[in-house]
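Every number in this note's numbering is 6 more than the matching position in the sequence shown, counting from 1. Ideal Cβ positions, reconstructed from N, Cα and C, are used throughout, including at glycine. Just so we're clear, the structure is a prediction, and the values are computed from it rather than from any experiment. The structure appears right after this line, and notes come after that.
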Amino acid sequence: RADVMHVMGNALFYRGRAEETMGAYEEALRLYRKYQRHTQESTILMNLGFISAMRGYYEKALEYYRASYDIDREKGDRLYTGMKLANLAQAHIDLGNYEQARQLVKQARKLCEQTRDKSALADAFFTSALLRLRLDRHDDSLRYIDEGLRLAREADSRLDEIRGLLLWAECQLENPNGSAHEAAQKAVEAAKLAQEAETPAEMVHAFSLQARALLKLGNSEEAIQRSAHAVAFTVVQPVPGVEVVYYVHGKIMQTLGRTGWARMFLSKARDEIMRKANLLSQDKVREIYLSVYPARDILRDYLRFIQS
Numbered sequence: 007r008a009d010v011m012h013v014m015g016n017a018l019f020y021r022g023r024a025e026e027t028m029g030a031y032e033e034a035l036r037l038y039r040k041y042q043r044h045t046q047e048s049t050i051l052m053n054l055g056f057i058s059a060m061r062g063y064y065e066k067a068l069e070y071y072r073a074s075y076d077i078d079r080e081k082g083d084r085l086y087t088g089m090k091l092a093n094l095a096q097a098h099i100d101l102g103n104y105e106q107a108r109q110l111v112k113q114a115r116k117l118c119e120q121t122r123d124k125s126a127l128a129d130a131f132f133t134s135a136l137l138r139l140r141l142d143r144h145d146d147s148l149r150y151i152d153e154g155l156r157l158a159r160e161a162d163s164r165l166d167e168i169r170g171l172l173l174w175a176e177c178q179l180e181n182p183n184g185s186a187h188e189a190a191q192k193a194v195e196a197a198k199l200a201q202e203a204e205t206p207a208e209m210v211h212a213f214s215l216q217a218r219a220l221l222k223l224g225n226s227e228e229a230i231q232r233s234a235h236a237v238a239f240t241v242v243q244p245v246p247g248v249e250v251v252y253y254v255h256g257k258i259m260q261t262l263g264r265t266g267w268a269r270m271f272l273s274k275a276r277d278e279i280m281r282k283a284n285l286l287s288q289d290k291v292r293e294i295y296l297s298v299y300p301a302r303d304i305l306r307d308y309l310r311f312i313q314s
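Quick look at the structure:
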């Protein structure tokens, strides 16, 4: 029955039913623990961590990721420990805990190098790149992305390659000296691969990044079409970082002078940020989360819009 609940959780996730997914995974976890199936327990904890982070339950995600890592460490299983530390680092990045993330991802890269798992190492490099991007170290970020893409392609890991292309596009857009043309190209590549791999969440962010690039290039009409595609796909499946998709759509609408639509989507982005912030248990943790990207930018631009 534990395996049945695990498979059911996977199916529910791909149908966009995140809350029911959590219920199925939690039941699978209970049964795996009951029968001491520790390998499966570790896997389901990782899944629970991912879904929790996607829904904004970052503190719970940290607990799940740490528990999964601890099981592997106690078993002496080093194959996936690097990847699990990278996921733990990712959750800390989402919360703005950059120093903790730096320490974890450094350890993750070391473990992945020891196991020679190129896909996991690519993932660790991309997490390192994301951390540097959030610290505005754009050139360093691109170097890590480039190395991660090389590893992903050698490992024939399509999902890792898509992640690298999305990061490359975002890095070019966040860099004051970056190339919007290059960002658009990478976003198009990512969208094509995501479509082939049938991964809606990655496709959403590829369309949204392409829209940002087109807006930066002055092509607001085509930008709104791409952004509309991104927004439409958010109803198919829960999308991590959906607040950024709403935010981009609102900013494009604002540029086009469609103030009613701009208000609606900027408000949706702001509401999603505040929903996630209110899930955090400590005031200090909440304060840090709201002071870093994307919350910082979304709240700032929402306030500017309603005051204008």
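- Of all C-beta pairs linking the region 14 to 31 to the region 243 to 256, three or more are shorter than 8 Å, placing the two stretches in contact.
- Taking the C-beta atoms as reference points, G55 is found no nearer than 8 Å to A34.
- Of the residues assessed, Q109 falls on the exposed side of the cut-off, its CB having fewer than 16 other CB atoms within 10 angstroms.
- Per the Cβ contact rule, the region 246 to 260 is in contact with the region 269 to 280 (3 or more Cβ pairs under 8 Å).
- By the criterion of a C-beta distance shorter than 7 Å, I50 is surrounded in its chain by H12, Y31, A34, L35, Y38, once the five residues flanking it on both sides are discounted.
- Inclusion of A196 and A175 in the CB contact set at 8 Å is warranted, their separation being smaller than that value.
- Taking C-beta atoms as the reference points, L172 and S226 fail to come closer than 8 Å.
- Burial is judged here by how many other beta carbons sit within 10 angstroms of a residue's own beta carbon; T87 has at least 16 and is buried.
- The C-beta of Y41 has fewer than 16 other C-beta atoms within 10 Å across all chains shown, which makes the residue exposed.
- In this structure, the CA atom of V10 is about 43 Å from the CA atom of Q178.
- The beta carbon of R84 lies closer than 8 Å to those of D78, L117, Q120, T121 in the same chain, with the five residues before and after it left out.
- Contact annotation: A107 and L148 have beta-carbon atoms that are not nearer than 8 Å.
- Around the beta carbon of L91, a 10 Å sphere encloses 16 or more other beta carbons of the protein chains shown; the residue is thus reported as buried.
- Spanning the alpha carbons of K112 and K192 requires a straight line of approximately 27 Å.
- One Cα belongs to I304, the other to S297, and the distance between them is close to 10 Å.
- It is roughly 12 Å from the alpha-carbon of W267 to the alpha-carbon of A234.
- Note that the C-beta distance between I57 and M28 is below 8 Å.
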